[in-house]
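Written as structure tokens, this is what we have:
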């Protein structure tokens, strides 16, 4: 049925792969780091896991250099059009590497990991493996590559979630994550298979051009769209695909929760943006969308539902991890708003929002780790009276939470401002989306501010020592993140220029 | 009569849609974690049948390639899933998902 390739064709394929590998150096470097970490764990069996954390920090910093080199090769498509190096993927490469570094920095002081785990070698290897998957998710331009990279991220995430294997919470979280993840990825795959059947190609650019040219059956397209949105919606944790996230966020070790809520979510957004703008055909000139592929309406519903549900349900939570989990559902809704606008300004706003979320959310989780080290709990009542005893942690937590609400002068304010101004510039129904966004932000003020309220104004029932000192390094990182939250809230131009640089690619595809 | 005697693309698609539906049904109704994962395998294989059928009738190789990768991924997923389920059994003494609910809303 199929003809075997000739020798010359095989030679040509090998040459293409070889030249592609030169544009693939950051990923190759990180794969090397991944193997090195596993080997080092097997051979050295060191007493302290700080060997691994320092090793992975050095390796991750090294990969930044390779990514920097790629600025010269922007716009190349490699591996037979399956993978691309462009401004957009570079943005996310930096984003993911920085978040992996922060995850390592968060893991180092975490007692949860250090004391309750026998070996942490694989932990850092898995963080690196997940990083490779996320980088590939942001760069993939082929259905096969998208699916492979998503599974790579998911598999690493399942294991990381269940890393505290003697703990009931962690094991249960891993099972829930696994079941929801497996089902939604199977749905995504089925959607991809329908899309492949309709178009006969797996390249996302090809899909949109074939669909535009040949037309399609709207009903089939609705089925495929819903299945694919299920898969991506699960990754970004938007309502109604959010069921896993509160339990997984509560059960997973704190650094892993931070990693999942920031990086894995951002990887879902990277994929969504690329898929939505490239593979989904849009009709030129505004509101008239093609039948069956009306992604804008679906995404609007997802976004509004996420903002309302996330913020309202968070009001009843008493566990800080769960509060942050519901807040991350709400934040997925805000970030979706920028994508719905479908112009350069909106996408730039979404990317900026993700950057701001990176800084403030990692900060909030770092403080939660420092507090959990002292009190052994994430319950909001155990935060009482800690503001005086841990002055830096208290101040930093307040700043991060103000930023998560979106009040000035913080980076979170600028992020929300950009999203809402993109919506208002578009007008019509988008104004209402902005109104819902602002109203739900007001709701979020209540549950975020409960934490500083407990820390500063309520006295603990337990007898606590007058001061609870933390080690130097995590304090330094906390202080740095706190400064950045305020600094970028005032001088936000570097971040917004960076985000604009990333969306330059899509300028000719946005309508 | 032709529909019955001659096997065409539709037959494959119907089989795959049925497999997908059975898989989803198993996931939604069953309580045993292992049976849920079997349902997921059915869903993945339904997609595989789709890919192979479309590949045959579209004339491209992408579908064949895709299904090969999916088979490998399904095996990897089963390995991870079983490891997690063994751990669940060790800590909870059951693999019934409805009784594994120590975290509350």
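Protein chains in written order, with my numbering: chain A, -6 to 504; chain B, 373 to 477. Every residue, glycine too, gets a C-beta built ideally from N, C-alpha and C.
Consult DSSP for residue i and reduce its assignment to one of helix, strand or coil.
i: residue 70 of chain A; result: strand
i: residue 378 of chain B; result: coil
i: residue 467 of chain B; result: coil
i: residue 336 of chain A; result: coil
i: residue 78 of chain A; result: strand
i: residue 389 of chain B; result: helix
i: residue 454 of chain A; result: coil
i: residue 372 of chain A; result: strand
i: residue 324 of chain A; result: helix
i: residue 34 of chain A; result: helix
i: residue 359 of chain A; result: helix
Residue i lies in the alpha helix (DSSP H); which residues open and close that run?
i: residue 203 of chain A; result: 197 to 207
i: residue 151 of chain A; result: 136 to 154
i: residue 55 of chain A; result: 43 to 62
i: residue 309 of chain A; result: It is not in any alpha helix (DSSP H) - residue 309 of chain A carries neither H nor E in the DSSP assignment.
i: residue 125 of chain A; result: 114 to 132
i: residue 11 of chain A; result: 0 to 14
i: residue 478 of chain A; result: 465 to 483
i: residue 219 of chain A; result: 211 to 229
i: residue 174 of chain A; result: 161 to 192
i: residue 377 of chain A; result: Careful: residue 377 of chain A lies outside any alpha helix (DSSP H) and carries neither H nor E.
i: residue 430 of chain B; result: 405 to 430
i: residue 495 of chain A; result: 486 to 496
i: residue 390 of chain A; result: 384 to 398
i: residue 420 of chain A; result: That residue, residue 420 of chain A, is in no alpha helix (DSSP H); it is neither H nor E in DSSP.
i: residue 243 of chain A; result: 237 to 244
i: residue 251 of chain A; result: 247 to 252
Taking C-beta pairs closer than 9 angstroms, name the residues in chain A that residue i reaches, listed in chain order.
i: residue 397 of chain B; result: Those within 9 angstroms of residue 397 of chain B in chain A number zero; the least Cβ separation is about 12 angstroms.
i: residue 405 of chain B; result: 168, 171 and 172
i: residue 386 of chain B; result: What residue 386 of chain B touches in chain A: nothing, since even the nearest Cβ is about 13 angstroms away.
i: residue 408 of chain B; result: 172, 175 and 176
Following the continuous beta strand (DSSP E) through residue i, name the residue where it begins and the one where it ends.
i: residue 271 of chain A; result: First-last for residue 271 of chain A: undefined, no H or E at that position.
For residue i, collect the residues of the same chain with a Cβ closer than 6 angstroms to its Cβ; drop the 5 residues on either side in sequence, then sort them by chain order.
i: residue 72 of chain A; result: 13
i: residue 296 of chain A; result: 326, 329 and 330
i: residue 16 of chain A; result: 66, 69, 71 and 78
i: residue 391 of chain A; result: 445
i: residue 380 of chain B; result: none
i: residue 339 of chain A; result: 331 and 415
i: residue 492 of chain A; result: 341, 344 and 345
i: residue 393 of chain A; result: 353, 356 and 357
i: residue 52 of chain A; result: 26
i: residue 281 of chain A; result: At residue 281 of chain A, the pLDDT of 44 sits below 50, so the modelled position is not reliable and the matter cannot be decided from this model.
Run down chain A in chain order and give the residues with a C-beta less than 8 angstroms from the C-beta of residue i.
i: residue 437 of chain B; result: 137
i: residue 401 of chain B; result: Going along chain A, no residue has its Cβ under 8 angstroms from residue 401 of chain B, so there is no contact; the nearest lies around 13 angstroms.
By a C-beta neighbour count over all protein chains shown, 10 Å radius and 16 as the cutoff for buried, is residue i buried or exposed?
i: residue 214 of chain A; result: buried
i: residue 34 of chain A; result: buried
i: residue 458 of chain A; result: exposed
i: residue 422 of chain A; result: exposed
i: residue 447 of chain A; result: buried
i: residue 378 of chain B; result: exposed
i: residue 310 of chain A; result: buried
i: residue 237 of chain A; result: buried
i: residue 397 of chain B; result: exposed
Excluding sequence positions up to five away, which residues of its chain have a Cβ less than 7 angstroms from the Cβ of residue i?
i: residue 442 of chain B; result: 416, 419 and 420
i: residue 147 of chain A; result: 174 and 178
i: residue 460 of chain B; result: 405, 467 and 472
i: residue 371 of chain A; result: 312, 313, 314, 361 and 365
i: residue 4 of chain A; result: none
i: residue 392 of chain B; result: 415 and 418
i: residue 96 of chain A; result: 120, 248, 251 and 252
For residue i, collect the residues of the same chain with a Cβ closer than 8 angstroms to its Cβ; drop the 5 residues on either side in sequence, then sort them by chain order.
i: residue 193 of chain A; result: 203
i: residue 223 of chain A; result: 177, 180, 181, 184 and 234
i: residue 487 of chain A; result: 481
Just to make sure I have the definition right: I need the residues of chain B whose C-beta is within less than 8 angstroms of the C-beta of residue i. Which are they?
i: residue 187 of chain A; result: 422
i: residue 148 of chain A; result: 448, 449 and 452
i: residue 244 of chain A; result: 475
i: residue 311 of chain A; result: What residue 311 of chain A touches in chain B: nothing, since even the nearest Cβ is about 10 angstroms away.
Using a cut-off of 7 angstroms between C-beta atoms, extract the partners of residue i located in chain E.
i: residue 392 of chain B; result: As a matter of chain content, chain E is missing from the structure shown, whose protein chains are A and B.
Taking C-beta pairs closer than 7 angstroms, name the residues in chain B that residue i reaches, listed in chain order.
i: residue 162 of chain A; result: 474 and 475
i: residue 152 of chain A; result: 452
i: residue 158 of chain A; result: 459
Regarding residue i and the ligand FAD, is the C-beta to nearest heavy atom distance less than 8 angstroms?
i: residue 227 of chain A; result: This structure simply doesn't include the ligand FAD, nor any ligand for that matter.
Starting from the beta carbon of residue i, find every residue of chain A whose beta carbon is closer than 7 angstroms, and list them in chain order.
i: residue 430 of chain B; result: 193
Can you list the residues of chain B that residue i reaches, using a CB-CB cut of under 9 angstroms?
i: residue 261 of chain A; result: The contacting residues do not exist; residue 261 of chain A stays about 18 angstroms from chain B at best.
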